[in-house]
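Its first residue numbered 1, the sequence shown is counted upward by one per residue in UniProt numbering. By construction, the Cβ of each residue, glycine as well, lies at the ideal position given by its N, Cα and C atoms. Since the model is a prediction, treat every value here as computed from it, not as a measurement. First up is the structure itself, then whatever we jot down about it.
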Amino acid sequence: MSFRFNFSNAPDSDDELDTSLSGPAQHASSPAPSLVPPKVHNLRSLASMIPRNISYNTLYLTPALSLSRRELYDVRMQLMSEENPFSAPSSAPAGNDLLTTSATTDVLKNVYEGGLKSWECSLDLARFLSANAANQPVPPRVLELGCGSALPTLYFFQEILRAGEKARGSRLVLADYNIDVLRLVTLPNLFLVWAREEQKWLPDEGDLDASPSLVERFVDDLERRGIELGFVEGAWGPDMVRMLNPDIGKGAYTVVLASETIYEPMAMESFVSTLLGSLDVNAGGVGLVAAKKHYFGVGGGIQDFMAKVRERGGWETGIVEETGEAGVRRCIVQIGRQS
Ligand SMILES: C[S@@+](CC[C@H](N)C(=O)[O-])C[C@H]1O[C@@H](n2cnc3c(N)ncnc32)[C@H](O)[C@@H]1O
């Protein structure tokens, strides 16, 4: 199916990319801790946490699209070297530090939700965007919910950097449950995309010396180009909707992206309301959600998601792309909301 944005104001090696899982696994021995409240972070404060050395590799997703991202082992090494790395909810059971948790399980409910590694549907969504959104204006305001390594947003960021003046005023906002995912993975990946555009000679894999002066240049360069990067940690829900969309009742984004965020039935309602509440209806805002058709053993899936979207007053076009093996089909759904 051909896909068009409809803006009215368009100005392992994932080390552990695990294709065998049908859905994130869950440890369920004790009650889940309470949810992390949302909090906004700006680029300058988060950029001060970019590690000095970033080991990275490059994913070749299509002949026209390659994206560099931080190696998972490098993230783990950083976690090992930090004394108190994990901003776990205070109610989290002892021993649930990010290093141990992410090494032993894909998801630990309300503690760590899987954002350190790249999940397969994020590759699908980045490929889909590259195949269908090329030759269209880059959307001016993009939000990725449950971004993790943020491959779909990295695609748009790369396009924005290449678009020069035409992309002035672009805004990309990245939301993840865990602040540690934002600082250890999401932002370093955005930084790598920028560095690769800046320094065309960077090899496809290796170590990048993220010196304070290079990080400073990154932040200054984005300011000069009029590109805004924003970050929000914490749980989906009404508080996050308010933080993401300061004009009450008016969604702020022309495109909202999400990949592998609908595996947990209990979180479906808050995810859908955050997604729908963030769409700028007047500007023809659309959501693109990539997910497995069913998350066997976990519960969520695309049919429940689409039903919830309709129940909450949204529309969906059905599956716009489907791929994967017989047992674990993966798909992309486009959604919107009436004004
Ligand atoms: C399985 S990971 C997918 C990460 C990334 N989108 C990808 O496909 O590689 C699920 C993501 O959703 C986010 N998430 C899960 N539950 C959440 C919640 N209740 N509120 C906010 N974010 C949540 C997590 O932080 C995590 O990054």
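{"Check": "Opposing strand residues paired with T323 [DSSP bridges]", "Outcome": "R330"}
{"Check": "T101: CB within 7 Å of a non-hydrogen atom of ligand 1", "Outcome": "no"}
{"Check": "Buried or exposed (CB count within 10 angstroms, at least 16 for buried), K166", "Outcome": "exposed"}
{"Check": "Backbone secondary structure at I335 - three-state DSSP", "Outcome": "strand"}
{"Check": "Selection from P31, P33, R44 and L35 that minimises the alpha carbon distance to D221", "Outcome": "R44"}
{"Check": "Short Cβ contact (8 Å threshold) for E264 with G300", "Outcome": "yes"}
{"Check": "Where V281 falls, given that 16 or more other Cβ within 10 Å makes a residue buried", "Outcome": "exposed"}
{"Check": "Sequence-distant residues of its chain with Cβ nearer than 8 Å to L125 (five each side left out)", "Outcome": "L151, P152, L257, S259, L288, A290 and I332"}
{"Check": "Y295 versus P139 - alpha carbon distance", "Outcome": "30 Å"}
{"Check": "Secondary structure, alpha helix (DSSP H): runs of 4+ residues fully inside the region 124 to 196", "Outcome": "151 to 163"}
{"Check": "Beta-carbon proximity of L187 to F157, cut-off 8 Å", "Outcome": "no"}
{"Check": "Contact test: D176 Cβ vs ligand 1 heavy atom, cutoff 7 Å", "Outcome": "yes"}
{"Check": "Proximity to Q303 [Cα-Cα], best of G313, D209 and I319", "Outcome": "I319"}
{"Check": "Contact between the region 231 to 240 and the region 175 to 185 (3+ Cβ pairs under 8 Å)", "Outcome": "yes"}
{"Check": "C-alpha distance - N110 paired with P203, whole-angstrom precision", "Outcome": "38 Å"}
{"Check": "S211 vs V241 beta-carbon contact at 8 Å", "Outcome": "no"}
{"Check": "Start and end residues, beta strand (DSSP E) containing T274", "Outcome": "First-last for T274: P265 to G277, but that is the alpha helix (DSSP H), not the beta strand (DSSP E)."}
{"Check": "8 Å Cβ cutoff met for L154 and V193", "Outcome": "yes"}
{"Check": "First and last residue of the uninterrupted alpha helix (DSSP H) at A307", "Outcome": "I302 to E311"}
{"Check": "T323 vs R330 beta-carbon contact at 8 Å", "Outcome": "yes"}
{"Check": "Closer than 7 Å: T261 CB and nearest ligand 1 heavy atom", "Outcome": "yes"}
{"Check": "Simplified DSSP state of D209, which is helix, strand or coil", "Outcome": "strand"}
{"Check": "Simplified DSSP assignment, three categories, for L61", "Outcome": "strand"}
{"Check": "Host beta strand (DSSP E) of S259 (start-end)", "Outcome": "V255 to S259"}
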